[in-house]
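Position one of the sequence shown corresponds to residue 177 (this note's numbering), numbered consecutively onward. Following: one structure in structure tokens, then a few remarks.
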Amino acid sequence: MLRSRISGIGMYVPEEVVRNEDLASLMDTSDEWIVQRTGIRERRFAPAGVCTSEIAVPAAQAALADAGISSADVDLVLFATLSPDFHFPGTGCTFQARMGMPGVPVMDIRNQCTGFLYALATADAFVRIGTYRTVLVVGAEIHSHAMDFSTTGRDVAVLFGDGAGAAVVTPTLDTGGPRVRSVHLHADGRHADALRLRVWDISRKPYLQHEGQVGVVPPEERWPEMNGREVFRHAVEGMTAALHEMLEANALTAADIDLFVPHQANMRISELVARRVGIPPDKVVHSIVDYGNTTAASIPMGLCLAREQGRLRPGMRVALAAFGSGFTWGSALVVW
Ligand code: UT7
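Structure below.
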């Protein structure tokens, strides 16, 4: 039986390092508060003029090189982001043009922090049914251009960073080697208002009109809005449940997991989820310390960092889990 596997990974982050102290000079916050509540010490910000598809290119090139292939071998691109270059066309198109891959189909995945898992599930399905053989999955975000760096926006602004990660998904025979064993996806749109950016509200006619002024967006709709406590609670519950679902589907227990690469929402969320599922702390990857929350990029970035640290080795059973705006959430089991 045909299965899929991750045969290459890559990541890229912009050069500018923004430490907690740097944010404290812009808003009423402190290094102590940010470290205690989130685990984050620093993050990267892209300069003005740089867009999401641009930072995705070096991550994708690194993943292709890691898989030992070139962009000419790719027959499908899946691009996950919540910070697209434009409202339309999708960032998959602008990315594909930058990569010089005309004609290759592209699909945009708009599932926020769970975007990489939705893309992985889609790649896995296409590869298993034989429609596509080499799928380039990209997660990339530029948050720093769309956050409120005043004290009003501090709950969101301290969390997010810019970055890109990519994975190459290719076919393999089901003989027990590296493979995607399962992906489990969920969503509950009843919580859409718990974490959102309303700047494009198509119910308004014309859409940028407010109080009779065309082109004016009210301040509260310019920046991401978040009910942090609600997101936190649902993230812990959702990721924990999705991991239990994954373990049950594969007839495994937490002791069978060699490495846990969670989406990096908050270090406290990752720790709580691991504790509830029974995954020991030394098996949990925390890239959030140096990069903050990079949404759709966080899982492929976490895989890259774990491998760089020698923590991700062939044959390992790797658990993935994510939760984000939507709400969307899910888990996956990958044999490396
Ligand atoms: O991928 C999904 C994306 N989002 C998330 O996963 C976020 C999930 N939620 C969280 O991570 C946490 O809820 C936060 C880190 C956002 C907030 O931590 P918390 O422990 O839930 O704090 P809180 O919202 O209960 O706020 C406690 C206090 C408040 O002040 P008062 O009302 O007690 O006086 C906030 O105004 O902390 C204040 N606060 C801050 N103080 C300093 C909020 N943000 C900051 C800040 N610096 N950046």
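Quick reminder that beta carbons are idealized off the backbone N, C-alpha and C, glycines included.
Whole-angstrom C-beta distance between residue j and residue i, which should lie under 8 Å
i	j	result
G268	M477	About 19 Å separates the two Cβ atoms, so there is no contact after all.
A473	G339	5 Å
S183	T346	5 Å
V461	L481	7 Å
R304	L178	5 Å
T348	R181	4 Å
V356	A508	7 Å
V407	L371	5 Å
Beta carbon of residue i nearer than 9 Å to that of residue j
i	j	result
N442	L293	no
H300	T257	Per the sequence shown, the amino acid found at residue 300 is Asp instead of His. The answer is no: Cβ separation not under 9 Å.
A515	A497	Coverage of the chain is limited to positions 177 through 512, which leaves residue 515 absent and any answer about it impossible.
Y467	G337	yes
L240	G291	no
H420	V453	yes
D529	P400	For residue 529 there is no data in the structure shown, the boundaries of the chain being 177 and 512.
M402	V344	no
F499	H410	yes
Spatial neighbours of residue i in its chain, beta-carbon cut-off 7 Å, leaving aside the 5 residues before and after
i	result
Y308	D251, L252, F302
S259	T228, E317, I318, H319, A322
D249	T310
R330	M203, D204, T205
G365	G502
V193	E218, R220
M275	V233, A236, S247
Length of the line joining the Cα atoms of residue i and residue j
i	j	result
R217	S201	15 Å
V314	H360	19 Å
G506	E197	34 Å
P490	S446	24 Å
W376	A295	24 Å
R213	A222	24 Å
P457	R444	12 Å
G486	R398	42 Å
V513	G414	There is simply no residue 513 to check, as the chain begins at 177 and stops at 512 in what is shown.
A238	Q288	23 Å
D242	A232	15 Å
P382	R374	14 Å
L312	R493	22 Å
R380	A368	18 Å
Residues of its chain near residue i, where Cβ-Cβ distance is below 6 Å and the 5 sequence neighbours each way are ignored
i	result
Q440	S463, I464, N469, S474
I455	A430, I433, F436
A363	G502, T504
H263	W376
G266	D284
Distance cut-off 8 Å: residue i Cβ against heavy atoms of the ligand COA
i	result
G291	Among the ligands present in this structure, namely the ligand UT7, the ligand COA is not found.
Sequence-distant residues of the same chain with beta carbon closer than 8 Å to residue i, five excluded per side
i	result
A450	F436, P438, P456, P457, K459, V460
E191	R220
V211	N196, R217
Item checked: Continuous alpha helix (DSSP H) assignments of at least 4 residues falling wholly in the segment 399-471 -> 404-425, 443-453, 464-467
Next item on the list: Starting from the N-terminal side, write out each stretch of the alpha helix (DSSP H) that is 4 residues or longer and does not extend beyond the segment 223-305.
Entry: Runs found: 228-243, 267-275, 291-305.
Checklist line | Whole runs of the beta strand (DSSP E) within the segment 353-387, excluding any shorter than 3 residues | finding: 355-363
Next item on the list: With a floor of 4 residues, list each alpha helix (DSSP H) that falls wholly inside the segment 468-493, ordered by position along the chain.
Entry: With a minimum length of 4 residues, the continuous alpha helix (DSSP H) runs that stay inside the segment 468-493 are 474-484.
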